[in-house]
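Heads up: the sequence shown begins at 53 in the numbering used here, then just goes up one per residue. Cβ atoms here follow ideal geometry from the backbone N, Cα and C, with glycine treated the same way. Computed from a prediction, not measured in an experiment: that's the story for all the values here. Everything below concerns the one structure shown next.
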Amino acid sequence: MSRPRSQAEYLARLVPPSVAGLRRRSLLAGAAGSGALLGTGLLAGCGGDDSGGSGSKTVSLGSNQSDPKPKEVIAKVVDGFQTSSGLQVSVNTVDHNTYQENINNYLQGKPDDVFMWFAGYRMRFFAGRGLAGDLSDVWGKLSGMSDAFKKASTGDDGKQYLVPSSYYPWALFYRKSVWQQNGYQVPKTLDELTALSAEMKKDGLVPIAFADKDGWPAMGTFDILNLRINGYQFHVDLMAGKEAWTSDKVKKVFDTWRGLLPLHQPDSLGRTWQEAAQSLQQKKSGMYLLGLFVAQQFNNDEQDDLDFFTFPEIDPSIGAKALDAPIDGYMMARRPKEEANAKKLLEYVGSKAAADITVKNDPSTLVANGEADTSGYTALQKKAAELVGSATEIAQFLDRDTRPDFASTVMIPALQQFIKDPTDIDGLTNSIENQKKSIFTD
Numbered sequence: 053m054s055r056p057r058s059q060a061e062y063l064a065r066l067v068p069p070s071v072a073g074l075r076r077r078s079l080l081a082g083a084a085g086s087g088a089l090l091g092t093g094l095l096a097g098c099g100g101d102d103s104g105g106s107g108s109k110t111v112s113l114g115s116n117q118s119d120p121k122p123k124e125v126i127a128k129v130v131d132g133f134q135t136s137s138g139l140q141v142s143v144n145t146v147d148h149n150t151y152q153e154n155i156n157n158y159l160q161g162k163p164d165d166v167f168m169w170f171a172g173y174r175m176r177f178f179a180g181r182g183l184a185g186d187l188s189d190v191w192g193k194l195s196g197m198s199d200a201f202k203k204a205s206t207g208d209d210g211k212q213y214l215v216p217s218s219y220y221p222w223a224l225f226y227r228k229s230v231w232q233q234n235g236y237q238v239p240k241t242l243d244e245l246t247a248l249s250a251e252m253k254k255d256g257l258v259p260i261a262f263a264d265k266d267g268w269p270a271m272g273t274f275d276i277l278n279l280r281i282n283g284y285q286f287h288v289d290l291m292a293g294k295e296a297w298t299s300d301k302v303k304k305v306f307d308t309w310r311g312l313l314p315l316h317q318p319d320s321l322g323r324t325w326q327e328a329a330q331s332l333q334q335k336k337s338g339m340y341l342l343g344l345f346v347a348q349q350f351n352n353d354e355q356d357d358l359d360f361f362t363f364p365e366i367d368p369s370i371g372a373k374a375l376d377a378p379i380d381g382y383m384m385a386r387r388p389k390e391e392a393n394a395k396k397l398l399e400y401v402g403s404k405a406a407a408d409i410t411v412k413n414d415p416s417t418l419v420a421n422g423e424a425d426t427s428g429y430t431a432l433q434k435k436a437a438e439l440v441g442s443a444t445e446i447a448q449f450l451d452r453d454t455r456p457d458f459a460s461t462v463m464i465p466a467l468q469q470f471i472k473d474p475t476d477i478d479g480l481t482n483s484i485e486n487q488k489k490s491i492f493t494d
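Printed below as a string of C-alpha cells:
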C-alpha cells in the first residue's frame, strides 16, 4: 500500500474495511458482573429518560480523563464552552479503567448527556445497539473536520455518532539526553533493538519500561508485533474474528514476544502505565512503547528531551510503516436529558476554539480540527503528526478494533496470563480461540 498523500487520505485508512460491515449482535458479556459498581456512583451518570425541551441551562458530561493533566485540559475546554454559551456543564469524571469496564451498563442506565468515547469498532458497536444518539445534524454545523474524520465517526447505518477531538500515535519513546550520553542509535530491525537492549542492561538501565496493571497497555505490544510480523490486513481480520488465534502466525507473535519479555521491566502486572512512564522520566528505563500521552508524565522543562521512533522492522517484506493511532472524541446518550444543550456542547468540543485550547495546554495529543492553530505544537507533536502522516496502515488499538466483550473478558486476562507465564503458547491460543468462537457467533 502506498503512503497517504494527505492527512485526509491517512485518516480514511483509520477504519478497517474488514470490520466496518459486521453486525453487533450482543453486549459486553463481562459488564453484567460489574453492574454493582453503578450503584456506588463509580460510573453513575447524571442523565435521565426524558430528552430535550426542559429549558434548563445545564448539560452533563461523562469524562474518563481522570489523570491530572488531561483533567485540567478538559476543565479549560469546559470553561471556554460555559463562557461562550452561558450554559453550565456538570462533569462526571471517572478513572479511565472503571469507565471502560462499565460503559455498557452506564449507557443502558442513566448516562450523562454527553460522554467521552473512541472511534472504531467500539463506537459502531454501541451505535448499532441503539445506545448512542445521532449526531448527523451536529456534523452539519462543524467546520475544520475532514471527510475522513467524518467517516471514522460514522456508524453502520451511515449516521454520525462521534465528534472527534484528538488522536495520537503509539511508538517507542526515549529521553534524548540518556541516549546521547550512552551513544545509543535508533534501531532499524528487531535484531538491532535486541542488541541495543543488551547495551542498556550493561549500562544499568531497564531496556523497555512496561506496565499492565490496568489490563490494556500490553495490547499495544501485541498490536505492534502482529502488525510487524503478519501485516495490517491479517491484524484487522484477526480482530474481526476472521482469523484463527491458533494459527502459526499468531503463535509466532507470542513466541517473538516471549523472547522480548526479559528486556521488559519485571513485575509489570503490579505497575500502572504512569509508574512505568515515570521510570522513563527518571532515567531508569531506556525506552517505553506507549502512546503520545506518555508526555503527561514529564515536566514542562523536560518535553524537549522526549523523543520517539516507530517499532522497528521484523519482516522486510512487511516493513515498519503500520502503527496504532487511536482517535478520541465525544458521543451523546441515546435519550439525553438536555438534548439541545448536549448538541451545543458537542458543536463546541469539535470546534477550532476547543482545539486551540487543547493545543495550548496539552503536549501529549494531536487535535482533530484542521482549522486549529498548531503553531504551538511541540517538536514532539510535530514529529508525531509526521509519523502518522507517513504511515501506510493505521489501526485503532486492540480494544477499539474488536468487539468490546472480546477485548475485556478474553484478551485482558489472556495477555496478563501470558505475561505471568509465557511458556504455554499452545494452551493460551487454544483458550482464546475457543472463547472467540463463542463470542463472535453470539
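query, result
"Where S490 falls, given that 16 or more other Cβ within 10 Å makes a residue buried", "exposed"
"Residue range of the unbroken beta strand (DSSP E) whose run includes D359", "L358 to F361"
"Beta-ladder partner(s) of Y340, from DSSP", "F225 and A261"
"Where the beta strand (DSSP E) through N144 begins and ends", "Q140 to T145"
"Span of the alpha helix (DSSP H), counted from its first residue to its last, around S188", "S188 to W191"
"Exposed unless 16 or more other CB atoms sit within 10 angstroms - verdict on D199", "exposed"
"Three-state class that DSSP yields for S460 in the structure shown", "helix"
"Buried versus exposed call for E124 [16 or more other C-beta atoms within 10 Å across all chains shown]", "exposed"
"C-alpha distance - F503 paired with P465, whole-angstrom precision", "This structure gives no information on residue 503, because the portion of the chain shown stretches from 53 to 494."
"Simplified DSSP state of V238, which is helix, strand or coil", "coil"
"Secondary structure of T206, DSSP reduced to three states", "strand"
"Inter-residue CB distance, G371 and A171 (contact presumed, cutoff 8 Å)", "With 8 Å as the limit, G371 and A171 do not qualify as a contact, their Cβ atoms being about 25 Å apart."
"Cα-Cα separation between F178 and N149, rounded to whole angstroms", "18 Å"
"Cα-Cα separation, S136 to L397", "10 Å"
"Beta-carbon separation (whole angstroms), L450 vs D275, contact threshold 8 Å", "5 Å"
"Q117 classed as buried or exposed, judged by whether at least 16 other C-beta atoms fall within 10 angstroms", "buried"
"Those residues which DSSP pairs with V130 across a bridge", "Answer by DSSP bridge pairing: none, since V130 is not bridged."
"Contact with chain B by V146, beta-carbon distance below 8 Å", "Given the protein chain composition of this structure (a single chain), no chain B is represented."
"Collapsed DSSP secondary structure at T273 in the structure displayed", "helix"
"Residue of T145, L113 and N482 minimising C-alpha distance to D164", "L113"
"Coarse secondary structure for F114, derived from DSSP in three states", "Checking the sequence, you will find Gly at residue 114 rather than Phe. G114 falls in the strand class under three-state DSSP."
"DSSP state of P368 mapped onto helix, strand, coil", "coil"
"Residues near K211 by beta carbon distance below 7 Å, same chain, minus five either side", "D186 and S188"
"Cβ-Cβ separation, E445 to A374 (assumed contact under 8 Å), whole Å", "4 Å"
"Nearest to D457 (by Cα), restricted to the options N421, N156 and L315", "N156"
"Boundaries of the beta strand (DSSP E) in which Y219 is found, first to last residue", "V215 to Y219"
"Three-state secondary structure assigned by DSSP to L183", "coil"
"Contiguous alpha helix (DSSP H) assignments of at least 4 residues, all confined to the region 364-419", "391-401 and 404-413"
"Touching by the beta-carbon criterion (3+ pairs, under 8 Å), the region 284-291 and the region 264-273", "no"
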